[in-house]
Ligand code: PXG
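In the numbering used here, the protein residues as written are 2 to 457.
Set out below in structure tokens:
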């Protein structure tokens with residue numbers, strides 16, 4: 002059933018709501034898509050269309066839509082104690098229980114949580130914490146962060162600076178000082194004749210070159226997404242992260258994994274660092290922490306950092322009104338309970354994940370697809386003009402948007418970054434829903450190919 006007020010709501014939206022990452026004038030003309038309801042892997046829009054959300058909202062609705070338990074957990078906590086701060090020696094029970102739960106779930110000794118409201122804020126936190134960590138050990142000059150070109154770490158001043166999106170840097174005078182970037186590991190476009198594993202080492206050693214150029218005594222930390230999401234699901238070769246870790250250890254550079262997308266089962270492991278086999282000193286989490294039901298982010302620190310901050314750090318001059326918000330923490334605990342008790346991450350690793358991988362890789366045979374890639378339940382299709390050449394379209398991004406719009410008409414939500422079609426469904430997707438997803442994707446690829454004159 003179409004929502005009766007769709008047109009009116011769209012007009013109010015155009016008049017009064019600025020949308021993130023949008024040309025708002027163009028959007029107002031086109032009209033926004035009103036989403037009205039969600040259940041499992043499906044959402045419904047204002048026109049009454051049922052859509053399979055192969056993007057889990059924005060890489061976040063890991064347990065799927067419509068779980069009443071999360072609403073109940075929020076209502077219970079709101080009724081009992083809607084808010085209290087974590088400043089002035091105070092705390093609340095959900096905040097404490099979530100911290101203990103996160104320490105248990107996090108790999109090795111990432112035992113200490115600092116709370117924020119989003120992934121961006123969690124990354125802002127680490128910028129300040131890490132610089133403080135070195136400063137109190139008489140190394141204030143060790144304050145440079147190295148990230149990757151085209152990395153995404155959020156939209157706040159520090160988040161966007163740590164990220165390497167040129168379009169974001171161009172607005173607002175970013176990056177802030179003492180943040181540098183190296184090229185990302187993307188074999189499809191950059192690997193040439195090298196094997197992916199050989200290339201992974203080459204790409205990782207760019208970090209060593211950069212550290213030596215800047216001086217190891219000045220480099221505080223390296224930050225990276227285990228799998229680079231927003232830019233197009235760049236899945237690095239397995240050789241990449243262990244080499245990055247070796248280099249960080251050699252020069253005593255802290256290693257930060259931004260797990261905002263990869264965390265909470267997206268790769269079939271609880272965290273992306275476990276998938277790739279490396280041990281970060283810090284990780285940032287958000288999105289899947291609450292399956293997107295309520296905003297919450299956190300930075301997890303290892304014992305080394307926590308001990309230095311505790312013994313030498315003095316008063317930490319950092320914190321948000323809503324750091325450790327009891328309602329958000331109660332919802333996160335319920336989300337984690339569901340992920341664990343319903344064995345959602347395990348199933349993604351051993352059953353539905355491998356099935357999705359097999360079916361998604363079949364799409365690689367389509368004439369429009371230059372590469373299909375996937376890890377756990379996060380993947381991409383690289384659309385190309387001349388299969389099997391690993392070359393982009395001359396005008397990047399047009400075909401991706403065309404394919405995305407066609408997929409929507411076919412009842413499938415896929416995200417397009419340039420001409421990469423991105424996949425990140427709720428982790429509870431079933432085998433038959435995976436079949437539906439792949440059939441709709443194939444049909445959309447066929448229709449896109451026809452539209453641009455590629456034979457299918
Ligand atoms: N780190 C990573 C790896 C992310 O993907 C953030 C940090 C920031 O989190 P918040 O909660 O502040 O948004 C993100 C967010 C896209 C897209 O177009 C991706 C994100 C946000 C908006 C758009 O794929 N990821």
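Every residue gets a Cβ at the ideal spot worked out from N, C-alpha and C, and that includes glycine.
Nearest-angstrom Cβ-Cβ length linking residue i and residue j, presumed shorter than 8 Å
i           : j           : result
residue 370 : residue 384 : 6 Å
residue 414 : residue 54  : 5 Å
residue 272 : residue 242 : Not a contact, Cβ separation roughly 12 Å.
residue 374 : residue 236 : 5 Å
residue 111 : residue 422 : Residue 111 to residue 422, Cβ: 33 Å. No contact.
residue 1   : residue 290 : Limits of the chain in this structure are 2 at one end and 457 at the other, which puts residue 1 out of reach.
residue 158 : residue 127 : Not quite, the Cβ-Cβ distance comes to about 14 Å (not below 8 Å), so this is no contact.
residue 33  : residue 46  : Actually they are not in contact, since the Cβ atoms of residue 33 and residue 46 sit about 10 Å apart, beyond 8 Å.
residue 180 : residue 208 : With 8 Å as the limit, residue 180 and residue 208 do not qualify as a contact, their Cβ atoms being about 14 Å apart.
residue 120 : residue 288 : 7 Å
Residue i (DSSP reduced to helix, strand or coil)
i           : result
residue 242 : helix
residue 147 : strand
residue 20  : coil
residue 2   : coil
residue 124 : helix
residue 1   : Here the chain comprises residues numbered 2 to 457, so residue 1 is not present and cannot be evaluated.
residue 113 : strand
residue 83  : coil
residue 453 : coil
residue 390 : coil
residue 129 : helix
residue 418 : strand
Candidates the options, of which the one nearest residue i by Cα
i           : options            : result
residue 232 : 184, 170, 418, 330 : 418
residue 239 : 60, 257, 204       : 204
residue 299 : 324, 314, 191, 188 : 324
residue 334 : 75, 17, 30, 12     : 75
residue 251 : 206, 359, 274, 141 : 206
residue 451 : 409, 368, 378, 438 : 368
residue 63  : 268, 281, 134      : 268
residue 420 : 61, 109, 404       : 404
residue 310 : 41, 438, 113, 228  : 113
residue 226 : 274, 91, 255       : 274
residue 140 : 148, 131, 189      : 131
residue 245 : 304, 265, 57, 147  : 147
residue 129 : 395, 438, 318, 378 : 318
residue 432 : 71, 65, 353        : 353
residue 379 : 398, 395, 356, 397 : 356
residue 393 : 191, 265, 329, 444 : 191
residue 163 : 396, 349, 125      : 125
residue 108 : 270, 72, 350, 388  : 270
residue 70  : 446, 336, 348      : 336
residue 449 : 211, 9, 406        : 406
Any non-hydrogen atom of ligand 2 closer than 7 Å to residue i Cβ
i           : result
residue 262 : Absence of ligand 2 from the depicted structure is noted, with ligand 1 being the only ligands included.
Task: Whole alpha helix (DSSP H) elements within the stretch 296–380, 4-residue minimum - done: If one requires a minimum length of 4 residues, the alpha helix (DSSP H) runs lying completely within the stretch 296–380 are 304–313, 327–342, 345–351, 353–363, in chain order.
Task: Sequence ranges, beta strand (DSSP E) only - wholly within the stretch 164–210, length at least 3 - done: Correct list: 180–183.
Open item on the list: As an exercise, report each continuous alpha helix (DSSP H) stretch of at least 4 residues that is fully enclosed by the stretch 18–78, in chain order.
Closed with: Taken in chain order, the whole alpha helix (DSSP H) runs of length 4 or more contained in the stretch 18–78 are 25–31, 57–60.
Open item on the list: As an exercise, report each continuous alpha helix (DSSP H) stretch of at least 4 residues that is fully enclosed by the stretch 240–286, in chain order.
Closed with: Listed in chain order, they are 241–251, 273–277.
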